[in-house]
Amino acid sequence: MTSWHEFIFMGKHGAYVWSSYLMTFVVLLGLLIGFRKMLKSLKKQVQTEAMAPSEKRQKARKLKVSQPD
1 MTSWHEFIFM
11 GKHGAYVWSS
21 YLMTFVVLLG
31 LLIGFRKMLK
41 SLKKQVQTEA
51 MAPSEKRQKA
61 RKLKVSQPD
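Heads up, the sequence shown is in the UniProt record's numbering, so the first residue is 1 and it goes up one at a time.
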């Protein structure tokens with residue numbers, strides 16, 4: 001590379017390349033934040049159910065699966 005200017009603009013393709021990197025970063029950041037919120041919510045739900053009196057706890061439900069003919 002002869003200069004940073006050439007690296008940034010990448011032969012007139014810089015706008016496409018850098019916007020692609022930016023969109024990828026935004027999507028990955030959104031997924032990370034979403035999964036962290038979901039994990040926090042699930043932990044809170046499990047703790048709440050663990051602290052509930054035994055008569056108020058939900059019993060495990062069996063999954064009904066139909067057998068193919």
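For every residue, glycine included, the Cβ atom is placed at its ideal position computed from N, Cα and C.
The structure displayed is predicted, hence computed values, not measured ones.
When the distance is taken between beta carbons, is residue j closer than 8 Å to residue i?
{"i": "residue 23", "j": "residue 17", "result": "no"}
What is the residue span of the alpha helix (DSSP H) that residue i lies within?
{"i": "residue 6", "result": "4-9"}
{"i": "residue 36", "result": "14-51"}
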